[in-house]
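J.: Numbering (our numbering), first residue to last: 164 to 592.
(1) Beta carbon of residue 244, beta carbon of residue 233: below 8 Å?
(2) Are residue 521 and residue 494 closer than 8 Å when you measure CB to CB?
(3) Rounded to whole angstroms, what is the Cα-Cα separation between residue 484 and residue 291?
(4) By Cβ distance, which residues of its chain are closer than 6 Å to residue 207, with the 5 residues on each side in sequence left out?
(5) Based on the DSSP output, what are the partners of residue 366 in its beta bridges?
(6) Which runs of the alpha helix (DSSP H) fall wholly inside the region 386-460 and span at least 4 residues, in chain order?
(7) Can you grab the Cα-Cα spacing for the pair residue 468 / residue 306, in whole Å?
(8) Excluding the five sequence neighbours on either side, which residues of its own chain have a C-beta within less than 8 Å of the C-beta of residue 528, listed in chain order?
(9) Under three-state DSSP, which class holds residue 212?
(10) Looking at the strands, I want to know which residues DSSP matches up with residue 335.
(11) Sorted by chain position, which residues of the same chain lie with C-beta nearer than 6 Å to residue 581's C-beta, five sequence neighbours on each side aside?
(12) So, does the region 269-276 touch the region 470-478, judging by three or more C-beta pairs under 8 Å?
(13) Alpha carbon to alpha carbon, what distance is there between residue 240 and residue 218?
(14) Express the C-alpha separation of residue 364 and residue 283 in angstroms, rounding to a whole number.
(15) Closer than 6 Å by C-beta to residue 586: which residues in its own chain qualify, once you throw out the five before and the five after it? Chain order, please.
(16) Could I get the ranges of all uninterrupted beta strand (DSSP E) runs contained in the region 250-325, with 3 residues as the minimum, in chain order?
(17) May I ask you to report which of helix, strand or coil DSSP gives residue 225?
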C-alpha cells in the first residue's frame with residue numbers, strides 16, 4: 164500500500180536512460196563542432212557552447228549542474244550536462260565502474276496508469292505480460308506498431324493491478340503521449356473497464372550507479388537495500404527527505420538505483436550524495452559509453468520503428484502468455500520471427516583501427532555488404548573499439564570476422580558477445 168500511495172502522489176520508477184553518443188565529446192574537441200540532440204554546438208577553448216541550450220527545458224538540478232562545472236548541452240529539448248569540468252568522459256566512465264557516480268535523468272517521460280483497466284490497456288500497447296508481472300517488480304518492455312516496429316522502449320513498474328508506472332524516452336515523449344492518448348480514448352469508449360494516464364512533472368530522478376552505490380545509499384536510508392532485487396523498488400526516506408521512491412536498476416550494467424524525489428528536494432539529495440567520497444558526478448557522455456559496454460540499446464540509433472524486438476535481441480520482453488494470445492500490435496510479424504528467425508540481428512563487434520560510428524557499413528570477408536553499425540566508440544574499460552549493429556543472420560556467429568568501412572578505409576572487426584563486460588546486477592541472496 165505504501166508503494167501504491169507513492170505512485171498516486173507522484174512517485175515513479177525511472178527508466179535505464181536515453182543518452183547522447185560518447186563520441187560527441189571526442190568529435191567536439193577534435194573538430195570544433197558536433198550535433199547534440201539535433202542541435203549544433205561549437206567549441207571555444209575546449210568548452211562546449213551553444214546558443215540553443217538556454218531555450219531548452221531545465222531539470223530541477225540545472226543550477227546544481229552549473230555550480231558543479233557541468234558542461235550543458237541541449238538534448239531532447241532539455242539542458243543537461245554532457246560532462247563536468249575537471250573530470251571528463253573517460254574519468255567519469257571509469258569511476259562509475261570502480262566506485263559510483265550520480266547522474267541526472269530527470270528529463271525522462273514519466274507516466275502513471277491507473278484504474279481497473281490499466282493492465283488490459285497497457286497490454287494493448289506493449290509486448291510484456293503485465294498481468295503476470297509480480298507486484299513490486301519492474302521490467303523492460305517496448306511499445307510496438309502494427310508492423311512490429313519499436314515505437315519506444317520503456318520500464319514498466321507494477322505497483323498493483325490498478326496502478327502501474329511507466330517511464331520512457333524524453334526524445335520520444337510527444338510521440339508516445341499522442342499514441343497513448345489516441346489508444347486510451349478508443350479503449351475507454353469501447354471497454355467496460357477504464358484507464359487514466361497521468362504525466363508526472365513535479366519530481367526529479369537521480370541515478371546512483373556503480374559497485375559502491377548500495378553502500379552509499381544504505382548510509383542514508385533505513386530501508387534494507389539487501390532485500391531489494393534488481394528491478395525491485397521501495398518507498399522510503401533518504402537523508403531526511405520523505406517520499407523518495409527507490410528503484411534498483413539503471414543504464415550502466417552496474418548495480419545501482421534510480422531515485423524519484425520531489426523536485427524541490429533534488430538538489431539537496433544530490434548534495435547529500437556528494438558528501439560521500441565514493442560519489443562523483445557524471446554526464447550524458449559517460450552514460451552512453453557505459454550503456455554501450457553493457458550492450459544496452461539507445462532508441463533512435465539501435466532500435467526504432469523499423470526494428471522489431473526480435474531483431475534487436477529483445478525477444479525476452481515478449482511474454483509467453485502474449486505469444487500464445489498474440490493480442491498486441493505487430494504480433495503477426497513478431498511471432499513469425501520468433502518461429503522462423505529474423506533476417507538480421509543486432510550484434511556486438513570489436514574492431515581495430517579508428518572507432519566505427521553509427522552508419523558505418525559492415526562487409527563480409529568476401530566484400531559483400533551485410534549490415535550497418537548503429538552505435539560505436541572506444542571502450543574506456545576494455546581499451547578497445549566496440550560497437551553494435553545489425554547484420555544478416557548468417558554472419559551473426561560469435562567470432563565471425565568482418566570488415567568495417569571507416570573513413571573510406573576497411574578495418575577488421577570480430578562479432579563479439581554482448582554485454583562486452585559482465586553485468587553486475589544485484590539479486591537477493
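Ideal placement from N, C-alpha and C gives every residue a C-beta, glycine not left out.
T.: Based on what the coordinates show:
(1) Taking 8 Å as the cut-off, the beta carbon of residue 244 is found closer than this to the beta carbon of residue 233.
(2) no
(3) 9 Å
(4) Below a pLDDT of 50, predicted positions are generally treated as unreliable, and residue 207, at 32, falls in that range; no measurement from the model is reported.
(5) 425
(6) List check, alpha helix (DSSP H) in window: 429-437, 447-456.
(7) CA-to-CA, the gap between residue 468 and residue 306 works out to about 10 Å.
(8) 564, 565, 566
(9) The pLDDT assigned to residue 212 is 39, lower than 50, so where the model puts this residue is not dependable, and the model offers no usable value.
(10) DSSP, once it has assigned bridges, lists no residue as partnering residue 335.
(11) Annotation for residue 581: 458, 511 place their beta carbon closer than 6 Å to its own, counting only its chain and skipping 5 residues before and after.
(12) Too few Cβ pairs lie closer than 8 Å, so no.
(13) A direct Cα-Cα distance of roughly 8 Å separates residue 218 from residue 240.
(14) Within the model, the alpha-carbon separation for residue 283 versus residue 364 is close to 25 Å.
(15) 416
(16) 263-267, 272-277, 301-307, 313-323
(17) helix
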